[in-house]
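Enquirer:
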Amino acid sequence: MRLPFIAAFLLAAGTLPAQTNYDTVQVRATSLGRGVHVLFGAGGNVGLSVGDDAVFVVDDQFAPLTPKLLAAIRTLTDKPVKFVLNTHWHGDHTGGNENLGKAGALIVAHDNVRRRMSTEQFMAAMNQRVAPSPKEALPVVTFTDAVTFHINGDSVVATHIAPAHTDGDAFVHFAKANVVHMGDAFNNAGLPFVDLSSGGASQGVISAADQVYAMTNAQTKIIPGHGPVTDRARLKQWRDAVAAVRNGVQAAARAGRSIDEVLALKLGAPYEKEWPAGHDRFVRAVFEETTRR
219 MRLPFIAAFL LAAGTLPAQT NYDTVQVRAT SLGRGVHVLF GAGGNVGLSV
269 GDDAVFVVDD QFAPLTPKLL AAIRTLTDKP VKFVLNTHWH GDHTGGNENL
319 GKAGALIVAH DNVRRRMSTE QFMAAMNQRV APSPKEALPV VTFTDAVTFH
369 INGDSVVATH IAPAHTDGDA FVHFAKANVV HMGDAFNNAG LPFVDLSSGG
419 ASQGVISAAD QVYAMTNAQT KIIPGHGPVT DRARLKQWRD AVAAVRNGVQ
469 AAARAGRSID EVLALKLGAP YEKEWPAGHD RFVRAVFEET TRR
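In our numbering, the protein residues as written are 219 to 511.
Given below as structure tokens:
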């Protein structure tokens, strides 16, 4: 992915400053138990499983950060990265693919992730064209519904969800560790980015939260695509906030209000303290969904 696209994308997502000096980014690891960790740096949160078998990585942020990601992993294990699973195609989650692929990692993702990464894409929300990714960055193994890895004493299941953030989203369940990585189907830093030009849909975001809530318990640790690790109670609160704003936008749009009038309603105001980012972008996406039918 090209860095101008990455910067524009993350700036719009409310998760990256306008000018990012990757030299100053610090990548830090937090243990979630039973060999599962989360790495925070710049871009999407990285899930990590280490153990006797191999290093298994979920998402890999930006290409310039690969050395720092690997250095953080080396503080936990001396084993190489053998598997990378992408939760979707966006560059803040797949930017390290080329580096890790060249180093021997097997890249895995949903069918639509490879399809979008292998052809030019247009990100309408940012008015950006994204060039095809190099061959080494593309997923080598793809799946339609789900795929299971039996690794490091755990069963790690990646499950495709209905179009939500994009049409290629997957969440990853570390069954024994009781950890779920939701990718950008859950943004714990703000309201969701529904990338309509990549096949996303607001109902899918709500459905994904419902699906993960139903399969987890109070002890489950949930890694969002952005923001801090949390639990199912906060996921439910976020889901309800998303649904409330979505329903309000739909009602206003169907009543004939213009997009400017809907934005002026500030439907997300009750949730700005908890989830400050992405409000206008989410309203615009739902308005477009509602009025184009």
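Note that the Cβ used here is the ideal one computed from N, Cα and C, for glycine as well.
These figures come from a predicted structure and were not determined experimentally.
Would you kindly report the start and end of the unbroken alpha helix (DSSP H) that includes Ala343?
Expert: Neither: Ala343 is in no alpha helix (DSSP H) and is coded neither H nor E.
Enquirer: Assuming Ile325 and Pro357 make a contact with CB atoms under 8 Å, what is their CB distance in whole Å?
Expert: Confirmed, Cβ separation roughly 5 Å.
Enquirer: In three-state terms, what does DSSP make of Gly401?
Expert: Gly401 falls in the helix class under three-state DSSP.
Enquirer: Here's a check: name, in chain order, each residue in its chain whose Cβ is nearer than 8 Å to the Cβ of Ala451, leaving out the five neighbours to either side.
Expert: Hits under 8 Å: Ala436.
Enquirer: Return the first residue and the last residue of the alpha helix (DSSP H) that Val423 is part of.
Expert: Unbroken alpha helix (DSSP H) run through Val423: Ser420 to Met433.
Enquirer: Taking the straight line between their C-alpha atoms, what separation do you get for Val256 and Ile441?
Expert: Whole-angstrom Cα-Cα distance: 8 Å.
Enquirer: As a quick exercise: from Phe411, Ala462 and Ser373, pick the residue whose alpha carbon is nearest that of Asp385.
Expert: Looking at the Cα atoms, Phe411 is the closest of the given residues.
Enquirer: Taking Cβ to Cβ, would you say Ala355 is nearer than 8 Å to Thr312?
Expert: Against a cut-off of 8 Å, the Cβ pair of Thr312 and Ala355 comes out as a contact.
Enquirer: Is the beta carbon of Lys286 less than 8 Å from the beta carbon of Val268?
Expert: Contact flag unset, no.
Enquirer: Go ahead and pull the three-state DSSP assignment for Ile379.
Expert: It is coil, neither helix nor strand.
Enquirer: For Gly386, which of helix, strand or coil comes out of DSSP?
Expert: Coil, per DSSP.
Enquirer: Taking its Cβ as the centre, do 16 or more other Cβ atoms sit within 10 Å of Val359, making it buried, or is it exposed?
Expert: With fewer than 16 Cβ atoms within 10 Å of its Cβ, Val359 is classed as exposed.
Enquirer: Within the same chain, show all residues whose beta-carbon is closer than 6 Å to that of Tyr489, passing over the 5 residues directly before and after it, in chain order.
Expert: Excluding positions up to five away in sequence, the list reads Ala459.
Enquirer: Give the DSSP bridge partners of Lys439, in chain order.
Expert: According to DSSP, which records beta bridges pairwise, Lys439 is partnered with Val397.
Enquirer: Give every residue of the same chain whose Cβ lies closer than 8 Å to the Cβ of Ala289, excluding the five residues on either side of it in the sequence, and list them in chain order.
Expert: Cβ neighbours of Ala289 beyond the five flanking positions: Val245.
Enquirer: Looking at the unbroken alpha helix (DSSP H) that takes in Ala462, where does it start and where does it end?
Expert: Run containing Ala462: Arg450 to Arg472, per the alpha helix (DSSP H) assignment.
Enquirer: How about Lys353 and Gly371: are their beta carbons less than 8 Å apart?
Expert: Contact: no.
Enquirer: Let me know if Asp270 comes out buried or exposed under the rule of 16 or more other beta-carbons within 10 Å of its beta-carbon.
Expert: Answer is exposed; the Cβ neighbour count stays below 16.
Enquirer: Beta carbon of Asp387, beta carbon of Gly408: below 8 Å?
Expert: Not in contact: Asp387 and Gly408 (Cβ atoms no closer than 8 Å).
Enquirer: Please confirm whether Phe361 and Asp329 have their CB atoms less than 8 Å apart.
Expert: Taking 8 Å as the Cβ cut-off, Phe361 and Asp329 qualify as a contacting pair.
Enquirer: In the DSSP assignment, what residue or residues form a beta bridge with Gln170?
Expert: Lying outside 219 to 511, the shown extent of the chain, residue 170 is not represented and no answer is given.
Enquirer: Quick check on the DSSP output: the alpha helix (DSSP H) that includes Gly309 runs from which residue to which?
Expert: Gly309 to Thr312 is the extent of the alpha helix (DSSP H) around Gly309.
Enquirer: I need the straight-line Cα distance from Phe227 to Met344, nearest angstrom please.
Expert: Confidence in Phe227 is poor, its pLDDT being 45 and thus under 50, which makes the residue's placement unreliable; the coordinate value appears in the next sentence. In a straight line, the C-alpha of Phe227 is about 7 Å away from that of Met344.
Enquirer: Nearest to Val513 by alpha carbon, out of Thr509, Gly262 and Gly309?
Expert: In the structure as shown, the chain starts at 219 and stops at 511, and residue 513 therefore has no counterpart that could be examined.
Enquirer: Ala382 and Val365: beta carbons closer than 8 Å?
Expert: Against a cut-off of 8 Å, the Cβ pair of Val365 and Ala382 comes out as no contact.
Enquirer: Can you list, in chain order, the residues of its chain whose CB lies under 7 Å from that of Arg334, leaving out five sequence neighbours each side?
Expert: Excluding sequence neighbours, Arg334 sits near Trp307, Gly386 and Ser416.
Enquirer: Please name the residue in Ala462, Thr305 and Val390 whose C-alpha comes closest to that of Asp278.
Expert: Among Ala462, Thr305 and Val390, the Cα nearest to that of Asp278 is on Thr305.
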